[in-house]
Amino acid sequence: PASGTGLNTTPLDVLADFPAIPAGWAYLDTAATSQKPRPVIEAITRGYGETYATVHRGVYQRSADMTLAFEAARERVARFIGGKPQEVIFTRGATEGINLVAQCWAATQLKAGDRILLSTLEHHSNIVPWQMVASQVGAEIDVIPLTPDHRIDLDAMAAMLTERHKLVALAHVSNVLGSVLDARRAVELAHGVGAKILLDGCQAVPRLPVNVADLGCDFYVFSGHKLYGPTGIGVLWGRYDLLDAMPPYQGGGAMIDRVTFAKTTYAPPPGRFEAGTPHIVGVVGLHAAIDYVDGIGLDRIHAHETALVRQARDALSQINSVRLFGPHDSAGIVSFAVEGVHPHDVATILDEGSVAIRAGHHCAQPLMDSLGVPATARASFGVYNGAGDIAALVKGIERVTRIFG
Ligand code: PMP
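Following my numbering, the numbering of the sequence shown begins with -9 at its first residue and continues without gaps.
Right, here's the structure in full:
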């Protein structure tokens, strides 16, 4: 699709793997959720249509096999992010992973007067759970400002951190701006005052190679559905010593060691945090998604999306009325505004030309306040996008500027 557009990129040539993307449709909303490749769809179909049974309980062969598949997925996730299988907790998504850390770690470790450090660009799911726990224990929240080019300002972070800060929670990649955090430095700064650090990896794992051991963080969360996998499944990775010291999140089946009415004891992690029948086929689908992404290679995906961002930013910056947000080296995401046109109108007009972008506050209202806008238009890329999609986007924006004169 790159030919004839005047834009150069190295296409990954995987569009044919995605049956829900019809020819001529530019899907530019992968930061909200990614489309699903055939191997993931097939794994889900097989999971329900051929191999289905419960896990961890049945003594019959089918259930034992499903349990093996379920635990193989845990090992695959661990290998994918450089952790250990017993440190991988399956959740409904990143949101549940953050709430789990807020309620099981922060609510039990923080005291009145302690402080939590977040940044201006966080998704609501990396703000609200901390506000909830702060009001429960009497802790305070501080907010790291952004640099002029819209990165989390780590020099400001260094100046803000005190011994009272017990937890730092930051997006590894911003879902609005695509800004990539220097996570190693953020980890060093947090640990320098004895604080723990959680990284919200929702937008990072589909776009960059991530290794939690190299990063040195304490907790890492992501959602399967942004990683070309199913909805309703996500991952919380935590350092085992921290997880092992944490009380359970929810009570129920599967998370116990022994139950009596006098006293119940809990299973070790990760089982302790996985009450109830899990999203079995979701886990199997996530395994297939990780295999798919690793099969292409995150270095290649990152290079591809970085090239698309550069092309999109270069082309959009030629249009006078377009204002671009975020740093020039954003990972896979470009937020922008068209002067005098509400982002919803931009998205509606683009949709008429078969270009799907997101418009709104992107669950980051404090960031919108800091940018001084009510909303932005956001184009976000995935493995299936190519230069043709950017050409369609630019053509659509030119149409917007003509319509709104
Ligand atoms: N953090 C970031 C950076 C995100 O992009 C998202 C999803 N938009 C979330 C957290 C929440 O993820 P989920 O809704 O899948 O739990």
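By construction, the Cβ of each residue, glycine as well, lies at the ideal position given by its N, Cα and C atoms. Small disclaimer: the values here were computed from a predicted structure and weren't measured.
- Take the alpha-carbon of Leu100 and the one of Gly343: they are about 51 angstroms apart.
- Put simply, the backbone Cα of Tyr282 is about 43 angstroms away from that of Arg154.
- The DSSP assignment places 355 to 361 as complete runs of the alpha helix (DSSP H) inside the stretch 339 to 372, in order along the chain (cut-off: 4 residues).
- For the pair His215 and His46, the Cα-to-Cα distance works out to about 24 angstroms.
- Residues Asn201, Val202, Ala203 and Asp204 of the same chain have their beta carbon placed closer than 7 angstroms to that of Gly72, with the five preceding and five following residues left out of the count.
- Lys186 carries a strand assignment under DSSP once its states are collapsed to helix, strand and coil.
- In this structure, Glu130 has its beta carbon at no less than 8 angstroms from each heavy atom of the ligand PMP.
- The stretch 306 to 326 makes contact with the stretch 150 to 169: 3 or more CB pairs, one atom from each, lie closer than 8 angstroms.
- Taking 8 angstroms as the cut-off, the C-beta of Arg82 counts as close to a heavy atom of the ligand PMP.
- Under the three-state reduction of DSSP, Asp204 is assigned to helix.
- Glu32: member of the alpha helix (DSSP H) spanning Arg28 to Gly39, first to last residue.
- Here His334 is exposed, its C-beta having fewer than 16 other C-beta atoms within 10 Å.
- Nearest to Met150 by C-alpha distance, out of Arg105, Ala21 and Ser311, is Arg105.
- By the CB criterion at 9 angstroms, Ala302 and Ala194 fall outside the cutoff.
- Taking the Cα of Thr296 as reference, the smallest distance to any Cα among Val312, Ala377, Ile117 and Cys207 is reached at Ala377.
- At a Cβ-Cβ threshold of 9 angstroms, Leu144 and Asp172 count as neighbours.
- Contact between the stretch 260 to 275 and the stretch 283 to 293 is absent: fewer than 3 CB-CB pairs across the two stretches fall below 8 angstroms.
- The ligand PMP approaches Cys192 closely enough that one of its heavy atoms is under 8 angstroms from the residue's Cβ.
- Annotation: Leu160 to Trp15 spans about 33 angstroms, alpha carbon to alpha carbon.
- Secondary structure of Ala194 (DSSP, three-state): coil.
- For Phe326, there is no enclosing alpha helix (DSSP H); the enclosing beta strand (DSSP E) covers residues Ile323 to Val328.
- Closer than 8 angstroms to some heavy atom of the ligand PMP: that describes the Cβ of Asn165.
- Going by DSSP, Asp132 is part of the beta strand (DSSP E) stretching over Glu130 to Ile134.
- A residue is called buried once 16 or more other Cβ atoms fall within 10 Å of its Cβ, and Ala235, having fewer, is exposed.
- Counting the other CB atoms within 10 Å of its CB gives Arg64 a total of 16 or more, which places it among the buried residues.
- In this structure, DSSP gives Leu111 a state outside helix and strand, which the three-state scheme calls coil.
- For the stretch 242 to 325, the continuous beta strand (DSSP E) assignments of 3+ residues that do not extend past its boundaries occur at 246 to 249, 254 to 256 and 312 to 315, in sequence order.
- Pairing Val123 with Gly224, the inter-Cα distance amounts to about 22 angstroms.
- A distance below 6 angstroms between beta-carbons, with the five flanking residues on each side excluded, links Gly386 to the following residues of its chain, in chain order: Leu340, Gly343 and Val345.
- When Cβ pairs closer than 8 angstroms are counted between the two stretches, the stretch 265 to 278 is seen not to touch the stretch 11 to 25, the count staying below three.
- About 15 angstroms separates the beta carbon of Leu233 from that of Glu86, a gap too long to meet the 8 angstroms contact definition.
- Excluding five sequence positions before and after Pro196, the CB atoms of its chain that fall closer than 8 angstroms to its own CB belong to Thr20, Ser24, Lys216, Leu217, Tyr218, Val283, Ile291, Gly322 and Gly372, given in chain order.
- Between Val183 and the set Tyr210, Leu107, Ser213 and Leu136, the nearest pair of CA atoms involves Leu107.
- Residues of the same chain with a CB within less than 8 angstroms of the CB of Val127, apart from the 5 flanking positions on each side, are Ala96, Ala97, Leu100, Lys101, Ala102 and Asp104 in chain order.
- In the structure shown, Leu144 adopts helical secondary structure according to DSSP, grouped into three states.
- Here the distance from the Cβ of Asn201 to the nearest heavy atom of the ligand PMP is not below 8 angstroms.
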